[in-house]
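Numbering follows the UniProt record's numbering, with no gaps: position 258 of the sequence shown is 258.
All C-beta atoms, glycine included, are put in the ideal place defined by N, C-alpha and C.
The structure presented is a predicted model; accordingly, all values stated were derived computationally and were not measured.
Take a look at the structure below.
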Amino acid sequence: MTQANTAPAQARETMGFQAEVKQLLHLMIHSLYSNREIFLRELISNASDACDKLRFESLHNPSLLDGEGDFRIRIGFDNNAKTLTISDNGVGMSREEVITNLGTIAKSGTREFFAHLTGDQQKDTNLIGQFGVGFYSSFIVAERVVVTTRRAGVAADQAVRWESDGSGEFTVEMIEKAGRGTEITLHLREGQDDLLSGWKLRSIIRKYSDHIVQPIVMKKEEFKDGQEAVTDEDETVNKASALWARAKSDITEDEYKEFYKHVAHDFEEPLTWTHARVEGKQEYTQLLYIPARAPFDMWDRNARHGVKLYVRRVFIMDDAEQLMPIYLRFVRGVVDSADLPLNVSREILQESKDIEAIRNGCSRRVLSMLEDLAENEKEKYARFWGEFGRALKEGVGEDFANRDKIAKLLRFASTQADTTDETVALADYLGRMKPEQDKIYYITAETFNAAKNSPHLEIFRKKGIEVLLLTDRVDEWVVSHLTEFEGKQLVSVAKGDLDLGKLEDEAEKQEQEKDAGEFKELTDKIAKALGDKVREVRVTHRLTDSPACLVADEHGMSGNLARILKAAGQKAPDAKPVLEINPKHPVVLRLRYEEKKFDDWAAVLFDQAMLAEGGQLDDPASFVKRINDLMLAMSLGGS
């Protein structure tokens, strides 16, 4: 084991943890203690990553290896000192990297993560695990942690010593260290003596870290006089082989799950996975996982993806975003190519035809895995959809080649559901359509309740026609690219003239024509009163209970999309809506005989329609004043 020479301290400095680190340490120590063994898995995973990173850096700069190209991770313990040590000969850290990596949490979604903490220990345990416990898990079992590290390629006197008891501060000083890499010494808490046993440590390593590619080395023990004694002979504890390169029949379900936790740095087990070797023009192996929960930076489309790239089992890079389209950014795992050069760079990946073929193959594999889940494990797919459905929807516009596959995987709320948790597939919608129905109807809105209670649905509810309720912001993007499904056109109930086709009988059509003629004078008068607020005023038969509604042009922008753009600080086209009035409603009937306050009634009718569809009024104060004046006039018997 490489020992640090604790030479006279240079520039010893005491610093405070980032506030989020303090909070995380406190929660972790109290919430994760029941699963304390995971600290060793986390530290070994970090050591493995450090070796992988150095192997990659050495492809471009072989001198970093300094003649020592055999990577390893070493575990040792000292019964007398009550310490446990994990060391590696990987890339190591500089002083700046130590302060950044061990003193702060440089992770997007940090604020959201802490906002989700509830104070419920069991729930918070899952959240902490999902956030990634990493190095800080050391403090579950250690009262003091000492890290000595030397960055590959720097002089021996440029090593760093970091120390903390996890209470709020840490110290950093420059020291000398003979070899590169990192050594973490845990001064164990009272009651953790069982970890000072070779048998115990081996059982933990084989349970959680058997898949680690680098050899995990310990000194052999022998029993003398009933006591366990450490020898000078090294022994490799793990299998030290690439799990994804082994035959599927040789890998247990637990091994797959533990490898996921390593590669994804996730505390929870994956939802599902796929493991395949692809042969043909390109040869590669893929082991891809769907997590059980969405990460906190899920909606940051610029965040790195979660697929590691290997070439012939040699680690090349973390988070190779070229291997997976952005809409599948939740996928974790590894891809190991037999054809790419070892010195491949991100720039080369962007232009590589081989990478494009691998990316397409991985996309199809993930979508096939989701199809199988949707068909055979509906409860699991419902969980997947709740976590990642919004991201998958983005693929409708981004992945033309797989649009039909993605469309079959989409799920939406509908008027047949009582809550947003109840969703319907487009194929299920087709199966429930009326015999005469030839369109798929939908409405977009800001919230589920706004969509479900929209006045545009009144005639559909009366006729028992199901309407999809689209309330995710990305849904506007979806319907702009997915215009039909299995030959049935997707039609917004809030855009264009309402054409129910064969769902209306001849008598209904004749009545509409009659009302349009009878109310022509009224619609013209309302249009004049509203001026440039509307493009047109007309009679409608899509309403049964409400007096009026606003309708966008058939090929124009919906009011919901215009509001989304405005909220995002973008300018929406200045498209005037159509005001449709219900000729059967008492307010509209009264308006035919109104003289003195006709303009006020017309303005209120427009403003109410705007509010009913989730819009905002340009002049709320005038709306309130009109309402009060009209109520007062009615209470006094005026007109």
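For the set R390, L457, I212, V307, the Cα lying nearest the Cα of V237 is the one of I212. In this structure, DSSP gives F139 a helical state, which the three-state scheme calls helix. The Cβ neighbour count for N61, taken over all protein chains shown within 10 Å, is under 16; the residue is labelled exposed. Rounded to whole angstroms, E476 and D515 show a C-alpha spacing of 33 Å. Counted as a single uninterrupted DSSP element, the stretch harbouring Y381 is not any beta strand (DSSP E) but the alpha helix (DSSP H) occupying residues 378 to 393. Taking all protein chains in view, the Cβ of F400 is surrounded by fewer than 16 other Cβ atoms within 10 Å, so the residue is classified as exposed. Counted as a single uninterrupted DSSP element, the stretch harbouring Q489 is not any alpha helix (DSSP H) but the beta strand (DSSP E) occupying residues 488 to 492.
For the pair R55 and G361, the Cα-to-Cα distance works out to about 27 Å.
The Cβ atoms of V141 and L195 lie closer than 8 Å to each other.
Annotation: the continuous alpha helix (DSSP H) that includes W601 extends over 598 to 612. Distance check between L25 and each of G179, K596, E37, G103 places G103 closest, using alpha-carbon atoms only. The beta carbon of P270 sits closer than 7 Å to the beta carbons of K257, Y260, Y289, I290, P291, A292 from its chain, once the five residues preceding and following it are set aside; these are given in chain order. By the Cβ neighbour-count rule, A155 is exposed, with fewer than 16 other Cβ atoms within 10 Å of its own. Beta-carbon to beta-carbon, T285 and W244 are separated by about 5 Å, close enough to satisfy the 8 Å threshold. A direct Cα-to-Cα measurement between R590 and E458 gives close to 21 Å.
According to the DSSP assignment, R41 belongs to the alpha helix (DSSP H) that extends over 38 to 60. DSSP places D515 in the uninterrupted alpha helix (DSSP H) bounded by 506 to 518.
For R206, there is no enclosing beta strand (DSSP E); the enclosing alpha helix (DSSP H) has its first and last residue at 198 to 208.
With 16 or more other Cβ atoms inside 10 Å of its own Cβ, H541 counts as buried. When secondary structure is reduced to three states using DSSP, S414 falls in the strand class.
Segment contact: the stretch 424 to 443 against the stretch 489 to 504, three or more CB-CB distances shorter than 8 Å; contact assigned. In chain order, E466 place their CB closer than 7 Å to the CB of R432, counting only its own chain and leaving out the 5 sequence neighbours on each side. When the Cα atoms are used, D599 and I526 turn out to be separated by approximately 8 Å.
With 16 or more neighbouring CB atoms inside 10 Å of its own CB, G166 falls in the buried class.
Measuring C-alpha to C-alpha distances from I205 to each of E37, P620, F388 identifies E37 as the nearest.
Excluding five sequence positions before and after A264, the CB atoms of its chain that fall closer than 7 Å to its own CB belong to Y289, P291, G306, R332, given in chain order. By the Cβ criterion, the stretch 346 to 360 is not in contact with the stretch 375 to 391, since fewer than three pairs of Cβ atoms, one from each stretch, lie closer than 8 Å.
Apart from the 5 residues on each side of it in sequence, L43 sits with its Cβ closer than 8 Å to the Cβ of I86, F135, S137, S138, I184 in its chain, given in chain order. From the listed residues D210, W199, Q214, E68, the smallest Cα separation to G153 is found for E68.
Non-local beta-carbon contacts of L530 in its own chain, meaning distances under 8 Å to residues more than five positions away in sequence, involve V537, L579, A602, A603, F606 in chain order. Close CB contacts of T471 within its chain, under the 8 Å cut and outside five residues either way in sequence, are with A413, T420, T444, A445, E446, T447, F448, A450, A451 (chain order). Taking a C-beta distance under 8 Å as the contact criterion, R150 and H187 do not qualify as a contact pair. Listed in chain order, the non-local C-beta contacts of D234 below 6 Å within the same chain comprise V217, local neighbours out to five positions each way being set aside.
Checking the DSSP bridge columns, you'll see D88 partnered with I73, T182. Put simply, of A50, M557, S63, P577 the residue whose alpha carbon is nearest the alpha carbon of I73 is A50.
In the three-state DSSP reduction, A445 falls in the coil class, being neither helix nor strand.
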